[in-house]
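What follows is a single structure, written as structure tokens, with notes after it.
Protein chains: 2
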Amino acid sequence: MELPPPYAELVKKEIEKFCKELSRTPAELYEPMRYMASMEGKKIRPAMLLIACKAFRGNLRDALPAALAIELFHNFTLIHDDIMDNAPLRRNRPSVHVKWNNNIALLSGDALMIKAYEYLAKTPPAKVHPIQELFTETALKVCEGQQLDMNYEKEKNVAVSDYLKMIGLKTAALFSASLQMGAMIAMASDKDIKRMKIFGENVGLLFQLQDDVLDVFGQQQKVGKQTGGDIVRNKKTFLLLKALELAKGSTRKELQNLLGNNMLPDEEKVRLVKSIYERVDVLHHARKQMELFRNRAQTAIKPLKSTEIKILLRLTDNLMSREI
Amino acid sequence: MELPPPYAELVKKEIEKFCKELSRTPAELYEPMRYMASMEGKKIRPAMLLIACKAFRGNLRDALPAALAIELFHNFTLIHDDIMDNAPLRRNRPSVHVKWNNNIALLSGDALMIKAYEYLAKTPPAKVHPIQELFTETALKVCEGQQLDMNYEKEKNVAVSDYLKMIGLKTAALFSASLQMGAMIAMASDKDIKRMKIFGENVGLLFQLQDDVLDVFGQQQKVGKQTGGDIVRNKKTFLLLKALELAKGSTRKELQNLLGNNMLPDEEKVRLVKSIYERVDVLHHARKQMELFRNRAQTAIKPLKSTEIKILLRLTDNLMSREI
């Protein structure tokens, strides 16, 4: 999914400036922060914040600190999640805890979160307080979502609805907050802020389902992390939970046996689980669910007419037509 | 060191209220936060914040959110430090990462830091911005100090002056910030805020040296953590670095051999290092250094005359007459 140039570019420039500030000691603290912040990435959350700001005729300069804060916070969660999930790769490069070690990843993640709050506080005074409130509320939701995600790895019976609730917290809340913040900084009406909230929630859910799909059916080079990693770790994704719902009889038993089998080589496990996914046509169901989120997102903002709203509508369409 | 009743009691009441708010799901996230926040402890940092506020005739109610934020931030650092140091005990109870696991400790620590920012934002609007700025600056210093501390565990030549710089960041910065915040919330003059800053820095250094001494010469029951833990982990404390400076000839060689010896049972190692500490009379030198910090702290605030300043002066004296 490509974002139109001015927004992602603006964010990248802010990140570059931020990275320059990190030439400090101790290097073991600041270098991993720079490594993470300067990784290639779509910068989709902060770019959406800026687009939302522009959609309501806000000044992008006022929104840049919050946009950077959102991206730094996101980077913090990636560093800590990679420790917790023991994930070796992030955007095709070694995760921070692999390149350095767990302690350094833990601490530099902490420092990134503090930096996020530092930038957030640079938001113009008229709006800084509600922005901070929303940010903090969202940050806690993200932690709750991550905890539920870890819980689900151990639980036997997780419903698709539990999963959707979890990604609502872990992923969608930050999308939603980004879009709301952009509108808030532009002094949009409460009604319009609400529209961005609903749009963001649904785009976040859509984005996560796409991520689940790409983890299994994407190409490692494009996705930037170990393909099939979710399957190897028995991660309760939409695909797995839906497949468990769909599979009957011997197929269901086969899938459950695969989940309990620790002896199988990773590649073999991925191949076998994938073949079941294809047999029950779980992709079709994922697509249905994604369409639902896409439609909800689009319905929320369609009454608003502007170039930026058109950009947002197109983005949601792009999230559907992923490359696999 | 006992704090006069109203201050520590006020903090404890705030913590109790905070803990009640944590009856939320997922319990795996919120229960460890409550466990940590409700541990026995002197609440010295937030209590000092309140005393500083009162010293300049501020309203304690205005200072309570910041006091709670300081304590929650401190708890966050304890949870994460215990993971990094692999410390089994905290205040005589299992550390969070031992009672639960590393992932839960990591995430509930993150959530505590977010909660700290949530409470900080409840500071009255007239002062919230500079308070947040100081808090963020301090939080980064604490991370820098922790990183230096970890670096020093691996470095061969660490000078006593490096160590003092490190604890200036890791420990003293938060004391100093607490005292400054109290004064800031009370609308004290810049000159008086500066006095509290200097007082806090020196009290923090003093506090850390006392902690180093208690780790070796204290009783586990009173200290609340594994006695001699610093020695077992070859932690570069004031005592070790000063002893390395003081020890000559065969004593120095003996100490260095002990540091490189991984085969020795923990208790034996603690006993032998301790005997060298006694031989070179490192406690005498620690005491000299502590007196220096005590005097600097007292000099900074002596010109101010009030009941609360007297309390602070007495506190620094109490930090000298530790029980071992």
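Taken in order, these protein sequences are the chains called A and B. Position one of the first sequence corresponds to residue 1 (the working numbering), numbered consecutively onward. Position one of the second sequence corresponds to residue 325 (the working numbering), numbered consecutively onward. Just so it is clear, CB atoms sit at the ideal spot from N, CA and C, and this is done for glycine as well. Please read these numbers as outputs of a predicted model, since none were measured by experiment.
### Query
Residues in its own chain within less than 7 Å of residue 473 of chain B by CB, not counting five upstream and five downstream?
490 and 494
### Query
Of the residues that make up the stretch 327-360 of chain B, which ones have a beta carbon closer than 7 Å to any beta carbon in chain A?
350, 352 and 353
### Task
Using a Cβ cut-off of 7 Å, pull out every chain A residue sitting near residue 441 of chain B, in sequence order please.
117 and 136
### Task
Output yes if chain A places a C-beta closer than 7 Å to the C-beta of residue 427 of chain B; else output no.
yes
### Task
Mind listing the chain A neighbours of residue 468 of chain B? Cutoff is C-beta to C-beta under 7 Å, in chain order.
Correct list: 26 and 29.
### Query
To which residues of the same chain is residue 56 of chain A closer than 6 Å at the C-beta, ignoring the five residues directly before and after it?
183, 186 and 188
### Message
Give me the residue from B:481, B:482, B:529 and B:479 with the minimum Cα distance to residue 498 of chain B.
### Response
B:529
### Query
In this structure, does DSSP put residue 26 of chain A in helix, strand or coil?
coil
### Query
Can you round the beta-carbon distance between residue 76 of chain A and residue 112 of chain A to whole angstroms, since I take them to be within the 8 Å contact cut?
4 Å
### Task
Give a yes or no on whether the C-beta atoms belonging to residue 354 of chain B and residue 136 of chain A are separated by under 7 Å.
no
### Query
Is there a Cβ from chain A that is less than 7 Å from the Cβ of residue 504 of chain B?
At a cut-off of 7 Å, the C-beta of residue 504 of chain B has no neighbouring C-beta in chain A.
### Message
Can you tell me where the alpha helix (DSSP H) holding residue 440 of chain B begins and where it ends?
### Response
426-444
### Query
Name the chain A residues that come within less than 7 Å of residue 407 of chain B, Cβ to Cβ?
106
### Cβ of residue 491 of chain B within 7 Å of any chain A Cβ
Not flagged as an interface residue toward chain A: residue 491 of chain B, since no C-beta distance is shorter than 7 Å.
### Task
Please classify residue 132 of chain A: is it buried, with 16 or more other beta-carbons within 10 angstroms of its beta-carbon, or exposed?
buried
### Query
Which stretch, first to last residue, makes up the alpha helix (DSSP H) that contains residue 192 of chain A?
190-217
### Query
Of the residues that make up the stretch 59-92 of chain A, which ones have a beta carbon closer than 7 Å to any beta carbon in chain B?
Listed by position, the residues of the stretch 59-92 of chain A near chain B (Cβ gap below 7 Å) are 80, 83 and 84.
### Task
Flag residue 456 of chain B as yes if its beta-carbon sits less than 7 Å from any beta-carbon of chain A, otherwise no.
yes
### Message
Residues of chain A with CB closer than 7 Å to the CB of residue 472 of chain B, please, in chain order.
### Response
26
### Task
Report yes or no: is there a C-beta of chain A within less than 7 Å of the C-beta of residue 434 of chain B?
yes
### Query
Per DSSP, what kind of secondary structure is residue 389 of chain B in: helix, strand or coil?
helix
### Query
For residue 173 of chain A and chain B, any beta-carbon pair shorter than 7 Å?
False, the Cβ-Cβ gap to chain B never drops below 7 Å.
### Message
Does the CB of residue 565 of chain B have a neighbour CB from chain A at under 7 Å?
### Response
no
### Message
So residue 607 of chain B and residue 597 of chain B are supposed to be a Cβ contact under 8 Å. How far apart are they, rounded?
### Response
Going by Cβ atoms, the distance from residue 607 of chain B to residue 597 of chain B rounds to 13 Å, so no, they are not a contact pair.
### Message
Which same chain residues end up closer than 6 Å to residue 433 of chain B when comparing Cβ atoms and leaving out the 5 residues on each side of it in sequence?
### Response
400, 403 and 404
### Query
Using a beta-carbon distance below 7 Å, is residue 463 of chain B in contact with chain A?
yes
### Task
Report yes if the C-beta distance between residue 233 of chain A and residue 300 of chain A is below 7 Å; otherwise report no.
no
### Local Cβ density within 10 Å of residue 161 of chain A, reported as buried at 16 or more and exposed below that
Exposed is the call here.
### Task
Give the range of the alpha helix (DSSP H) segment to which residue 287 of chain A is assigned.
282-301
### Task
Kindly identify the DSSP beta-bridge partner or partners of residue 89 of chain A.
A:94
### Query
Going along chain A in order, which residues have a C-beta closer than 8 Å to the C-beta of residue 651 of chain B?
Because residue 651 of chain B is not part of the residues shown, which for chain B are 325 to 648, the question remains open.
### Query
Residues in its own chain within less than 6 Å of residue 655 of chain B by CB, not counting five upstream and five downstream?
Any answer about residue 655 of chain B is impossible in this case: the structure gives chain B only from 325 up to 648.
### Task
Would you kindly report the start and end of the unbroken alpha helix (DSSP H) that includes residue 499 of chain B?
497-509 is the span of the alpha helix (DSSP H), which, as asked, contains residue 499 of chain B.
### Message
Let me confirm a value: residue 84 of chain A is counted as buried when at least 16 other C-beta atoms fall within 10 Å, else exposed. Which label applies?
### Response
buried
### Task
Decide yes or no for the touch test of the stretch 328-339 of chain B against the stretch 229-247 of chain A: beta carbon pairs closer than 8 Å, at least 3 of them.
Output reads no: the stretch 229-247 of chain A does not touch the stretch 328-339 of chain B.
### Message
Please state the DSSP three-state secondary structure of residue 267 of chain A.
### Response
helix
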